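Going left to right, the sequence shown walks through residues 879 to 1181 as this note's numbering numbers them. Below is one structure, written out as structure tokens; the observations come after it.
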Amino acid sequence: MQAITPELLFMVDAIARHGSFAQAARELGKVPSAVTYAVRKLEDALDVLLFDRSGHRAQLTPAGETLLHDGRQVLQSLDALASRVRRVATGWELELRVAVNAVLPLSPLYDVMREFRELASVTTLRLSTEVLSGNWDALATGRADLVIGADANGAAPGAYRSQPMGEVQFGFCVAPRHPLAALGRPLGADDISAYCAVVVADTSRHLPPLTRGLLSKQPLIVMPTMQAKIDAQVRGLGCGYLPLTLAAPYIVRGELVQCAIADGVPMTEQLVYAWREQAPGAALKWWLQKLRSPRLCESLLGF
879 MQAITPELLF MVDAIARHGS FAQAARELGK VPSAVTYAVR KLEDALDVLL
929 FDRSGHRAQL TPAGETLLHD GRQVLQSLDA LASRVRRVAT GWELELRVAV
979 NAVLPLSPLY DVMREFRELA SVTTLRLSTE VLSGNWDALA TGRADLVIGA
1029 DANGAAPGAY RSQPMGEVQF GFCVAPRHPL AALGRPLGAD DISAYCAVVV
1079 ADTSRHLPPL TRGLLSKQPL IVMPTMQAKI DAQVRGLGCG YLPLTLAAPY
1129 IVRGELVQCA IADGVPMTEQ LVYAWREQAP GAALKWWLQK LRSPRLCESL
1179 LGF
């Protein structure tokens, strides 16, 4: 029987998340035929069907669901084992995974990353961006060792430590030529619901996904990244709340207009950086020390 390898578990996980062998192959840097062949060989070896391919999306069968659920635990255990071994030998983690809230700019972190690379050549630094519940989900499921900019009000159950960063504000923004920009008064729910909203999907895989600032029955365009959402709104494709940390330059240049909202209650998030409670390795300790800098946090918050 063919062994269930970590590589195959990564494949099954990617296919399940995307619902597509082709998209999973793109994520994994493989050709679709290689992914299809590998999964079929695994199905033949196990004598089970892992995916129902009859519809437009590849759907996990009950056997596939079991493999995915238990396989994710195996992958987390293997990652933890590799990290422990490397930390015992060198004090530095094999890999440090840092998740950054999509409402924050990455540019203030580039100098930090450069300094880290010069110091910690043995540690692979892996960054990701997360949306809404995805920030705490990344920490809770082990996809991230450190989360920068998680919403303090949405903390997941678990043993975490955190430090406050500050507040990020959101503004309801449209392109200057959008019909809502011409109303010249605070916008009510009836005004907004008549137009398409541009959103970024919550990146959570296990925690319940959230939405923010949406009205029921409002038509949607779902974009893959926060930058893509901003670009769509600049082009007048829809409306929606944007973090002013990222939207401010577009507003200053006149590419976006921030509209007043009738209820007058500003949308904000109180952000923290957070990590799991166990003793950190040298790489995580280094990043935590850097994040104690008020100047770095202010740069991330756009001050």
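For glycine and all other residues, C-beta sits at the position ideal for the given N, C-alpha and C. Please read all numbers here as calculations on a predicted model, not as lab measurements.
Sequence-distant residues of the same chain with beta carbon closer than 8 Å to residue i, five excluded per side
| i | result |
| --- | --- |
| V917 | L886, M889, V890, I893, F899, L928 and F929 |
| E905 | A892 and H896 |
| L1178 | L982, P983, P986, L987, I1026, G1027, M1043 and T1123 |
| E1176 | G1044 |
| H1084 | D1015, A1018 and T1019 |
| L1058 | V1052, L1065, D1069, I1070, Y1073, C1117 and C1137 |
| S1171 | none |
| L1115 | C1074, V1076 and I1099 |
| W1164 | F994, L997 and A998 |
Residues that DSSP places opposite residue i in a beta bridge
| i | result |
| --- | --- |
| M1145 | F1048 |
| R1004 | R975 |
| W1153 | L1024 and R1039 |
| F929 | L938 |
| P1057 | Paired residue(s): none; P1057 is not in a bridge. |
| D1029 | L1149 |
| A1075 | L1098 and C1117 |
| Q1136 | C1051 |
| L945 | BP columns for L945 are empty, so no partner. |
| L1065 | I1139 |
Reference residue i, options the options, closest by Cα
| i | options | result |
| --- | --- | --- |
| P1152 | L959, G1114, A1034 and L1061 | Per the sequence shown, residue 1152 should be read as Ala rather than Pro. Nearest option by C-alpha distance: A1034. |
| G1062 | G1180, Q1136 and P1086 | Q1136 |
| G1049 | K1168, L1174, S1071 and P1144 | P1144 |
| P1042 | T883, H934 and L1166 | L1166 |
| V1025 | L1005, G1044 and T1089 | L1005 |
| A1060 | R1083, A1138, E993 and A1018 | A1138 |
| L1065 | G1118, E993 and P1158 | G1118 |
| D1023 | N1031, A1157 and R1170 | A1157 |
| G1180 | K1163, R950, A1125 and R1039 | A1125 |
| I882 | R950, D989, P1087 and S932 | R950 |
| T968 | E993, G1159 and V1078 | G1159 |
| L1174 | K1107, D989 and S1040 | D989 |
| A1140 | A1106, P1121 and A1067 | A1067 |
| T1089 | S1040, G1142, R1039 and G1032 | G1032 |
Contacting residues, own chain, Cβ-Cβ under 6 Å from residue i (five flanking each side not counted)
| i | result |
| --- | --- |
| A1028 | N1013, W1014, V1150 and A1152 |
| Q954 | G1020 |
| Q937 | D930 |
| R935 | G897 |
| K1107 | V1076, V1078 and M1101 |
Cut-off 7 Å between Cβ atoms - residues of its own chain near residue i, not counting five sequence neighbours on either side
| i | result |
| --- | --- |
| M991 | L1003 |
| V1112 | A1053, Y1128, E1133 and L1134 |
| A1161 | W970, E971, L974, A998 and T1001 |
| L945 | V890 and L928 |
| A1079 | V1009 and V1100 |
| P862 | In this structure the chain extends from 879 to 1181, so residue 862 is not present and cannot be described. |
| A1224 | The requested residue 1224 is not part of the displayed model; the chain covers only 879 to 1181. |
Contact check, residue i vs residue j, beta carbons under 7 Å
| i | j | result |
| --- | --- | --- |
| E1008 | T1081 | yes |
| A1110 | M1104 | no |
| E943 | A1037 | no |
| V952 | A941 | no |
| A923 | V913 | no |
| V1046 | E1147 | yes |
When you compare the segment 1003–1012 with the segment 967–986, are there three or more beta-carbon pairs, one atom per stretch, that lie closer than 8 Å? With a cut-off of 8 Å, the segment 967–986 and the segment 1003–1012 count as touching, because enough Cβ pairs lie within range.
Determine, using beta-carbon pairs with one atom in the segment 1119–1134 and one in the segment 1043–1055, whether at least three such pairs fall under 8 Å. Short answer: they touch.
Decide if the segment 1092–1104 is in contact with the segment 1058–1075; the criterion is three or more beta carbon pairs, one per stretch, under 8 Å apart. Result yes; three or more Cβ-Cβ pairs closer than 8 Å.
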